[in-house]
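Q: Under our numbering, the first residue of the sequence shown is numbered 626, with each subsequent residue one higher.
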Amino acid sequence: MSGSSSIRRKHLTIALPKGRLLQSVLPILQKAGLTPEDEFFDSKSRRLEFDTSDPNVGLIPVKPFDVATFVAFGSADLGLVGADVIHEFGYEEIYIPVDLGLGHCRLSVAATPEVADQPIGHLSHLRIATKYPNLTRNFFAQKGIQAECVKLNGAIELAPKLGLCPYIVDIVTTGNTLKANGLVEMETILEATSRLIVNRNSFKTKSDSINHWITAFREAVDDKADAA
Ligand code: PRP
């Protein structure tokens, strides 16, 4: 049986990040032994929960930031998500057993070339557009600077151009988006890759099956590294 009613009876739920990251994590999911049902790949489907080749495991594709939240609250037992998102929330309920070695990126401070040329060390206050207010505030607090964060959910690179704020903190992978929008990378806050995360309570109550999947993901990562 498939469909939204079936997943509540699944033993395990895995949260996957929708969007660009999904394409990079799907091969490792398959290598670990989980194939999503066909409808998972149908962009017209409005379903939010999907079956897999393992009758005990269901998938929920959600926004990358929400992967951490679904797992922290135990609505999903496992999740695949970037270390940037994990550190932004800092949920204590999340255990991070496997670095998937995928989705390499960095969280960086950027600005227009004119602003980037000015030293910021002497400033006491900055206004910054970002999806990552906690990491941003902590990074600048260590320099004795108070970061006033304007929270955006995407297209962060527009903010300096449109006068919203002079600085941004955002994910950089190739650097093409910064370049295309006339921005210069100033400093790296953290380097990140995708991780397998586990709800700590699920890890206790479903230890056999969760340990099985931790091992399967570790082996899938090792296989990938051997093949490279
Ligand atoms: C991310 C990030 C940057 C871009 C960086 O955006 O927020 O905008 O990727 O990648 P690059 O360095 O390779 O150009 P994403 O496409 O995920 O969408 P978003 O704007 O909704 O965050």
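C-beta atoms are modelled at their ideal positions from N, C-alpha and C, and glycine is treated no differently.
Computed from a prediction, not measured in an experiment: that's the story for all the values here.
1. So, helix, strand or coil for K804, using DSSP?
2. Is the beta carbon of V687 closer than 7 Å to that of I822?
3. Within 8 Å, do at least three Cβ pairs link the region 745-757 to the region 671-680?
4. With burial defined as no fewer than 16 other Cβ atoms inside 10 Å of the residue's Cβ, what is the status of G807: buried or exposed?
5. Could you say if the region 721-733 and the region 659-678 meet the contact criterion of at least three C-beta pairs nearer than 8 Å?
6. With H, G and I counted as helix, E and B as strand and the rest as coil, what does DSSP make of A850?
7. Less than 6 Å separating the Cβ of V692 from some heavy atom of ligand 1?
8. Below 8 Å on the Cβ atoms is my contact criterion, and I expect D702 with N824 to pass it. Report the Cβ-Cβ distance as a whole number of Å.
9. Within its chain, find whatever has a CB closer than 6 Å to the CB of E812; leave out the 5 residues flanking it on each side and keep chain order.
10. Can you find the residues in the same chain that come closer than 7 Å, C-beta to C-beta, to V706, ignoring five residues on each side of it along the sequence?
11. Does the structure place the region 751-761 close enough to the region 778-793 that three or more beta carbon pairs sit under 8 Å?
12. I believe K656 touches D851 by the beta-carbon criterion, under 8 Å. Please report the beta-carbon distance rounded to the nearest angstrom.
13. Do you know how far the Cα of G728 is from the Cα of Q648?
14. Kindly identify the DSSP beta-bridge partner or partners of Y720.
15. Which of helix, strand or coil does DSSP assign to I711?
16. For the candidate residues G704, S670, S668 and G658, whose alpha-carbon lies nearest to that of F828?
17. Using a Cβ-based criterion (distance less than 6 Å to any ligand heavy atom), does I814 qualify as near ligand 1?
18. Is T802 a contact residue of ligand 1, with contact defined as CB to any heavy atom under 6 Å?
19. Sort L787, N801, A780 and I796 by Cα distance to T761 and report the nearest one.
20. Could you spell out the range, first to last residue, of the beta strand (DSSP E) harbouring I814?
21. Look up K776 in the DSSP assignment and give the residues it is bridged to.
22. Let me make sure I understand the geometry here. Which of T798, T802, T830 and K804 has the alpha-carbon closest to that of L815?
A: With the given structure in hand:
1. In the structure shown, the three-state DSSP call for K804 is helix.
2. Contact annotation: I822 and V687 have beta-carbon atoms that are not nearer than 7 Å.
3. Touching, no.
4. Counting every other CB atom within 10 Å of its CB across the protein chains shown gives G807 a total below 16, marking it as exposed.
5. Cβ pair count under 8 Å is below three, so no.
6. When secondary structure is reduced to three states using DSSP, A850 falls in the helix class.
7. V692: no, Cβ never under 6 Å from ligand 1.
8. Contact holds; Cβ gap of about 5 Å.
9. Counting only Cβ-Cβ distances below 6 Å, and skipping sequence neighbours, we find V734.
10. Around V706: P642, P689, V692, A693, S819, R820 and I822.
11. Contact annotation: the region 778-793 touches the region 751-761, with at least three C-beta pairs closer than 8 Å.
12. Not quite, the Cβ-Cβ distance comes to about 12 Å (not below 8 Å), so this is no contact.
13. Cα-Cα distance, rounded: 10 Å.
14. Looking at the DSSP assignment, Y720 forms a beta bridge with V823.
15. In the displayed model, I711 falls within a helix according to three-state DSSP.
16. With distances taken between Cα atoms, F828 lies closest to G704.
17. Relative to ligand 1, the beta carbon of I814 is positioned no closer than 6 Å to any heavy atom.
18. Yes, since a heavy atom of ligand 1 falls inside the 6 Å radius drawn around the Cβ of T802.
19. Here the closest residue by C-alpha is I796.
20. Annotation for I814: the continuous beta strand (DSSP E) segment containing it runs V809 to A817.
21. Answer by DSSP bridge pairing, in chain order: T755.
22. Residue T798 is the option with its Cα nearest to L815.
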